[in-house]
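Student:
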Amino acid sequence: KNQVEQSPQSLIILEGKNCTLQCNYTVSPFSNLRWYKQDTGRGPVSLTIMTFSENTKSNGRYTATLDADTKQSSLHITASQLSDSASYICVVSLGSITGTASKLTFGTGTRLQVTL
Amino acid sequence: DGGITQSPKYLFRKEGQNVTLSCEQNLNHDAMYWYRQDPGQGLRLIYYSQIVNDFQKGDIAEGYSVSREKKESFPLTVTSAQKNPTAFYLCASSILFQNNEQFFGPGTRLTVL
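Order-wise, the sequence lines are chains A and B. Heads up: the first sequence at position 97 corresponds to 97 in this note's numbering, and the numbers run straight through without jumps. Heads up: the second sequence at position 11 corresponds to 11 in this note's numbering, and the numbers run straight through without jumps.
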């Protein structure tokens, strides 16, 4: 069964600190892995995408890593800001034929709270 | 201003009533999707459409119906057959290409009274 598991479930950190969120997946065939940020009551917004051959991708203070052999990914946030408070969702896309809709498996998310 | 819009933002329904959630996109995307989000669970796919006048069931289609009469629009009807409809509903769209990104709308929160 295709699954995406994230840890921790929730996290509280002080503003300015770094943190790392984890994602393990059993999705096959694998196409790509994305990290989304979802503010409360809003739709998810893509932060990074990595394919099988990529092992790191950065977007500002967000850096994602991927180990396709162990099927693990992490999202590292540096110098956290209050606006980073949100849920972070790991999403794995199944391999599909070009020209067809992508099939996504979503993790349950890590809820991050950044405090003063 | 391009993007995906969903309306209404909040919707209240009495038991036994059908309700329709709106989703519109002006990104010229071929594919559109409906997801349901519940606390503590990952997003689950309800229906998706790759082309006008065609749509496919997702993992939890029972109690829902959709139509795709126009490329820009993909409304979702939550019928009275859906046993537990209270949830946050998200619409998304994408181009049909490998590694394509799905862009999400702002969501509709449906509450059954």
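A virtual CB, placed ideally from N, CA and C, is assigned to each residue, including glycine.
From the DSSP secondary-structure annotation, give me the bridge partner or partners of residue 14 of chain A.
Tutor: Partner(s): A:115.
Student: Can you pull the chain B residues whose beta carbon is under 7 Å from the beta carbon of residue 108 of chain A, in chain order?
Tutor: Those within 7 Å of residue 108 of chain A in chain B are 40, 41 and 42.
Student: Answer with buried or exposed for residue 108 of chain A, where buried requires no fewer than 16 other C-beta atoms within 10 angstroms of its C-beta.
Tutor: Residue 108 of chain A is buried by the Cβ-count criterion.
Student: Spatial neighbours of residue 22 of chain B within its chain, please: CB distance less than 7 Å, with the 5 preceding and 5 following residues excluded, ordered by chain position.
Tutor: Once the five neighbours on either side are set aside, the close Cβ partners of residue 22 of chain B are 6, 7 and 75.
Student: Taking Cβ to Cβ, would you say residue 43 of chain A is nearer than 8 Å to residue 85 of chain B?
Tutor: Going by C-beta atoms, residue 43 of chain A is not nearer than 8 Å to residue 85 of chain B.
Student: Quick check on the DSSP output: the beta strand (DSSP E) that includes residue 92 of chain A runs from which residue to which?
Tutor: Here the beta strand (DSSP E) through residue 92 of chain A covers 86 to 94.
Student: Measuring CA to CA, which of A:7, A:73 and A:94 is closest to residue 55 of chain A?
Tutor: When each option's Cα is compared against that of residue 55 of chain A, the closest is A:73.
Student: Exposed or buried, residue 82 of chain A, counting other C-beta atoms within 10 Å across all chains shown (16 or more means buried)?
Tutor: By the 10 Å Cβ count, residue 82 of chain A comes out exposed.
Student: Taking the alpha-carbon positions, what's the residue 86 of chain A to residue 69 of chain B distance?
Tutor: The straight-line gap from Cα to Cα measures roughly 35 Å.
Student: In chain B, which residues lie less than 9 Å from residue 43 of chain A when you measure between Cβ atoms?
Tutor: Chain B residues near residue 43 of chain A: 4, 6, 90, 91, 92, 103, 104, 105, 106 and 107.
Student: Cβ closer than 8 Å: which chain B residues qualify as neighbours of residue 104 of chain A?
Tutor: What residue 104 of chain A touches in chain B: 43, 45 and 102.
Student: Report the partner residues of residue 76 of chain A according to the DSSP bridge assignment.
Tutor: Answer by DSSP bridge pairing, in chain order: A:20 and A:63.
Student: Would you identify the three-state DSSP class for residue 73 of chain B, choosing helix, strand or coil?
Tutor: In this structure, residue 73 of chain B counts as strand in the three-state DSSP scheme.
Student: Check whether the Cβ atoms of residue 115 of chain A and residue 12 of chain A sit closer than 8 Å, and answer yes or no.
Tutor: Yes. Within cutoff.
Student: Are the beta-carbon atoms belonging to residue 92 of chain A and residue 33 of chain A less than 8 Å from one another?
Tutor: Their beta carbons are under 8 Å apart, which means residue 92 of chain A touches residue 33 of chain A by this criterion.
Student: What would DSSP say about residue 28 of chain A, mapped onto helix, strand or coil?
Tutor: The answer is coil: DSSP assigns residue 28 of chain A none of H, G, I, E or B.
Student: Quick check: what's the CA-CA separation for residue 82 of chain B versus residue 79 of chain A?
Tutor: Taking the straight line from one Cα to the other gives about 44 Å.
Student: What does a CB cutoff of less than 8 Å around residue 113 of chain A pick up in its chain, not counting 5 residues either side in sequence?
Tutor: Hits under 8 Å: 10, 11, 12, 13 and 85.
Student: List the residues of chain B whose Cβ lies closer than 7 Å to the Cβ of residue 46 of chain A, in chain order.
Tutor: Ordered by position in chain B, the residues that pass the 7 Å Cβ test against residue 46 of chain A are 101.
Student: Any idea which residues DSSP pairs residue 49 of chain B with across the strands?
Tutor: Answer is B:32.
Student: Flag this pair as yes or no: are the beta carbons of residue 4 of chain A and residue 110 of chain A separated by less than 8 Å?
Tutor: Going by C-beta atoms, residue 4 of chain A is not nearer than 8 Å to residue 110 of chain A.
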